[in-house]
Amino acid sequence: MRDVAVVGVGLSKHVSKRRDVNIPELVWEGVSAAYEDAGITPRDLDGIITGNMPAFEGVNLPELWGAGHWGAYNKPVLRITTGGTTGGSVGHGAFYAVASGLMDTVIAIAFEKQSDGDSTAGLNTVAVADMAPFLSYGIDPAFMLAFGGGAVGVAVYQASSYMKRSGCTPHHLDKVSVLCRTNAAKNPAAHLKQPGLTPEEVARTALMQYPLRFGHVCPASDGACAMILTTAEKAKKLTDKPAFIRSVASCSEEGALVGIAAAGTANTDPCAQEGCKVAAANAYRKAGIKEPRQEIDLAEPYAPFAHQLLMFYERLLLCDEGEAPSILDSGSMELDGALPVCPSGGVISTNAIGASALERIAEAALQIMGKAGEHQVEKDVHKAVAHGWGGAVNLNVVAVLADTPTPRG
Amino acid sequence: MEREVAIIGYAQTPYEEDADASREILVLRAAREALASAGLSRDDIGTVITANNDYLDGRTISNMRLVEPSGACLKDESKVEMDGAYAALYALMRLLSGFHDVAMVIGESQASVYPTYAPGVMTLDPTWDRQRGLLNEVSAAALQARSYMNTYGISEEQIAAVAAKNLGNAVKNPLALRAVPGATVEQVMGSRMLCSPIREMCAWPATDGACAIVLAAGDVARKANRAAWIRGVGFYHDSYLTERPLDKMTSLKMAADKCYAMAGIEHPEVEIDLAEISELFAHEELMAYEALGFCAEGKGGEFIDSGATRMDGILPVNPSGGVLAANAVCAAGLARLAEAAMQITGEAGDHQVKGVKTALAHGQTGLCAQENIVYVLGGE
Chain A
2 MRDVAVVGVG LSKHVSKRRD VNIPELVWEG VSAAYEDAGI TPRDLDGIIT
52 GNMPAFEGVN LPELWGAGHW GAYNKPVLRI TTGGTTGGSV GHGAFYAVAS
102 GLMDTVIAIA FEKQSDGDST AGLNTVAVAD MAPFLSYGID PAFMLAFGGG
152 AVGVAVYQAS SYMKRSGCTP HHLDKVSVLC RTNAAKNPAA HLKQPGLTPE
202 EVARTALMQY PLRFGHVCPA SDGACAMILT TAEKAKKLTD KPAFIRSVAS
252 CSEEGALVGI AAAGTANTDP CAQEGCKVAA ANAYRKAGIK EPRQEIDLAE
302 PYAPFAHQLL MFYERLLLCD EGEAPSILDS GSMELDGALP VCPSGGVIST
352 NAIGASALER IAEAALQIMG KAGEHQVEKD VHKAVAHGWG GAVNLNVVAV
402 LADTPTPRG
Chain B
57 MEREVAIIGY AQTPYEEDAD ASREILVLRA AREALASAGL SRDDIGTVIT
107 ANNDYLDGRT ISNMRLVEPS GACLKDESKV EMDGAYAALY ALMRLLSGFH
157 DVAMVIGESQ ASVYPTYAPG VMTLDPTWDR QRGLLNEVSA AALQARSYMN
207 TYGISEEQIA AVAAKNLGNA VKNPLALRAV PGATVEQVMG SRMLCSPIRE
257 MCAWPATDGA CAIVLAAGDV ARKANRAAWI RGVGFYHDSY LTERPLDKMT
307 SLKMAADKCY AMAGIEHPEV EIDLAEISEL FAHEELMAYE ALGFCAEGKG
357 GEFIDSGATR MDGILPVNPS GGVLAANAVC AAGLARLAEA AMQITGEAGD
407 HQVKGVKTAL AHGQTGLCAQ ENIVYVLGGE
């Protein structure tokens, strides 16, 4: 295979409601920034890989309408969408497009403009499929009302289970929010910026469903992310310091929103996330990483809910199960720590759903290229892991980035 | 290409108007049968790519419920939200990268559970084109047909001849939904007018069904029961519906040129033995003849009149009956790929064309074929 390098990253600003722009215009803000960052124009592109969650803003296949605005005129376009993991899947698609040899230079574009629609209404269509198994397990359909909270109604099951298994306390959840939101304060693209936030303040926010409080949950953002990928040879001409995507891997499990599979065949613990461990192990192996705990310098797990930062830190094989809360306490996850986590502020601070998992890869690339600005971590970042999660709590995507290509032989 | 990749297994469910099965069951049937035809088990599959659309499925993240039936559990799975021929493209990329050796590709649609032409309306610019309420999949196709007819002097009879040919061919395809024994131009011209000049028999039928193919690279492909090798692929995006001329298929022409260059084809009209085209509406097949270089620009009407594309012609097009005979939306282009592979391996049954060495398959996404993808398959 060919080595694949990131040579440009672009992010729009992320806010709750962008009333001044439509979808193609909002996306252009991220796309144009990526072109500028890489020092190329759409003429240099061989293709566009894009995705978002179409039911969230009420436009089906929005690139048919908007991609011309992003440089797609007479270019190949490939649309990849997979729920919460969409952005990661788009990044993976862009990686494969270059690695396959079919294209040299591509742009990955992922976005969401949630203020145009209603994401929770879109998400509730997911839960409808679970009606039949609920009934077959003798669960009252009124239980479906629990999903009135959309994704939160599902995440609380996972959070409770994780806390039971790991010893994570509500105080740890508060501290995760503080870590992320204070990092976000240093990231110009982030949505919820809360400099000087304290765990006590988070603990005083309203309880949504135990154990998650408003302070533990992501905002709904409008925003876009774009990333330009090219071959190692072309990257040399564009930048002195590209970030290489060494490997990508995803893993899908049986769908199980609250631990019961829609297919009726599985009883899984929603915090087990076996798929994340499989995807991480595959990605590390393909990236030539034998000891992720020693070799990985930075992690961007996908954590729209506070417990997930700790849970996925474990599932990304960066420590033993149950160790993440004490690692958080040690300060190792801070910007100046031994293994900084979510220096961007993470999904808990900024969540334009379709874009979020691509933003994890983009942030890892920025940190490796040394272009993260005020939220650049203190240590040199040689290798980083970027993650995405979604579906019916059953899809995980993992990418490993580094400052050098994968060693061969 | 970096590696050699072949289609080594395929399966389609029977196409039905209202299948007595969930889409999960349709996918399960197609996936199992494709695996069996490839002589592989689920353990041999490295990656699974599905093609479906959240609007067609009526639910968000339409791929997540297909993890189990597609055999993707604990595998590297993803979804292309386009025609299934693009899902095959993504699988091809994954194999070419060297990260995977065997891929399962599945497309499905269950039109019986949604208003047939509604998802197309939802792709329109929401601030203006959708609000006017004038454009939908059929009225847009009517504009495309009129535009093509006006520019090149194509007659309604020539368009009807495409439907007569394909629906007649479908009689020999046991999986087809709409087959009309001995279909004639007069019969097509007499079918209900949907939106002038689009008649019912010239428009795709609402269809339930699924198609699956197994792609393999390198050694697995060489040792397979059968192999239809992918010799070239090209795909391009055209401008939005109201921002491009509709009388020609520019992105299809670009895709074909790219694909031919990769496959080393200089004279498609001679070198291609058979084509399976996604003609959502009959006139699109004539436009495709031109874009694919089977005939000169504007000569699509004469080309169908010449009989060249009949089952017994020099370049048979859609011996399966094409999309006019069955269109399980996200499976349509994938089914063209499967049909083209079947013709190469000699397994097309009653609609087999003799001596097919090089076959072309086409898929499209978006109103009036905004995005097009072309494959050339070969026996060696």
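Read top to bottom, the protein sequences are chains A and B.
Residue numbering for the first sequence follows my numbering, starting at 2 and increasing by one per position.
Residue numbering for the second sequence follows my numbering, starting at 57 and increasing by one per position.
All residues carry an ideal CB built from backbone N, CA and C; glycine is no exception.
Taken through DSSP and simplified to helix, strand or coil, residue 351 of chain B comes out as coil. Under the rule that a run must span 3 or more residues, the beta strand (DSSP E) segments found entirely inside the stretch 256-317 of chain A read 299-301. Not one beta carbon of chain B lies nearer than 8 Å to the beta carbon of residue 359 of chain A.
Inclusion of residue 333 of chain B and residue 385 of chain B in the CB contact set at 8 Å is not warranted, their separation being larger than that value.
Secondary structure in the stretch 183-262 of chain A: the beta strand (DSSP E) runs of 3 residues or longer, each lying completely within the stretch, are 208-210, 223-232 and 244-253 in chain order. In the three-state DSSP reduction, residue 129 of chain B falls in the strand class (E or B).
For the stretch 144-165 of chain B, the residues whose beta carbon sits under 9 Å from a beta carbon of chain A are, in order, 145, 146, 148, 149, 150, 151, 152, 153, 154 and 155.
One alpha carbon belongs to residue 204 of chain B, the other to residue 181 of chain B, and they sit about 23 Å apart. The beta-carbon of residue 426 of chain B is placed less than 8 Å from the nearest beta-carbon of chain A. The contact set of residue 293 of chain B on chain A, defined by CB atoms closer than 7 Å, consists of 68, 73, 76, 77 and 78 in chain order. Residue-level contact by beta carbon fails for residue 315 of chain B and chain A, as no gap is shorter than 8 Å. Chain B places no beta carbon closer than 8 Å to that of residue 27 of chain A, leaving this residue out of the contacts. In the three-state reduction of the DSSP assignment, residue 359 of chain B falls in the helix class, which pools H, G and I.
For the stretch 118-134 of chain B, the beta-carbon criterion of a distance under 7 Å to any beta-carbon of chain A is satisfied by 119, 120, 121, 123, 124, 128, 129, 130, 131, 132, 133 and 134. If you draw a straight line from the Cα of residue 226 of chain B to the Cα of residue 259 of chain B, it is about 15 Å long. Under the Cβ distance rule, residue 301 of chain B does not count among the residues neighbouring chain A, no pair being separated by less than 8 Å. With respect to the 8 Å criterion, residue 143 of chain B and residue 107 of chain B are classified as neighbours on the basis of their beta carbons. In this structure, DSSP gives residue 165 of chain B an extended state, which the three-state scheme calls strand. Pairing residue 86 of chain B with residue 394 of chain A, the inter-Cα distance amounts to about 26 Å.
Within the same chain, Cβ atoms closer than 7 Å to the Cβ of residue 305 of chain B are found at 343, 344, 347, 425 and 428, the five residues on either side in sequence being excluded.
Here residue 278 of chain B is exposed: its Cβ has fewer than 16 other Cβ atoms, across all protein chains shown, within 10 Å. Only buried fits residue 66 of chain A, as 16 or more other CB atoms lie within 10 angstroms of its CB.
If you draw a straight line from the Cα of residue 38 of chain A to the Cα of residue 70 of chain A, it is about 18 Å long. Three or more Cβ pairs closer than 8 Å define a contact, and the stretch 252-272 of chain B meets that threshold against the stretch 70-84 of chain B. Separation of residue 371 of chain B and residue 293 of chain B (C-alpha to C-alpha, rounded to the nearest whole angstrom) is 27 Å. The C-beta of residue 68 of chain A has 16 or more other C-beta atoms within 10 Å across all chains shown, which makes the residue buried. Annotated three-state conformation of residue 155 of chain B is coil, per DSSP.
Linking residue 2 of chain A to residue 79 of chain A through their CA atoms gives a straight-line distance of about 21 Å. For residue 114 of chain A, there is no enclosing alpha helix (DSSP H); the enclosing beta strand (DSSP E) has its first and last residue at 107-114. Fewer than three beta-carbon pairs drawn from the stretch 28-43 of chain A and the stretch 271-283 of chain A are found closer than 8 Å, and the two stretches are therefore not classed as touching.
Listed as beta-bridge partners of residue 428 of chain B by DSSP are B:292 and B:420.
Residues of the stretch 393-405 of chain A whose Cβ lies closer than 8 Å to any Cβ of chain B, in chain order: 393, 395 and 396.
In the three-state scheme derived from DSSP, where H, G and I count as helix and E and B as strand, residue 258 of chain B is classed as helix.
For residue 41 of chain A, there is no enclosing beta strand (DSSP E), since its DSSP letter is neither H nor E.
Residues of chain A whose Cβ lies closer than 9 Å to the Cβ of residue 136 of chain B are, in chain order, 79, 80, 81, 82 and 94.
Taken through DSSP and simplified to helix, strand or coil, residue 165 of chain A comes out as helix.
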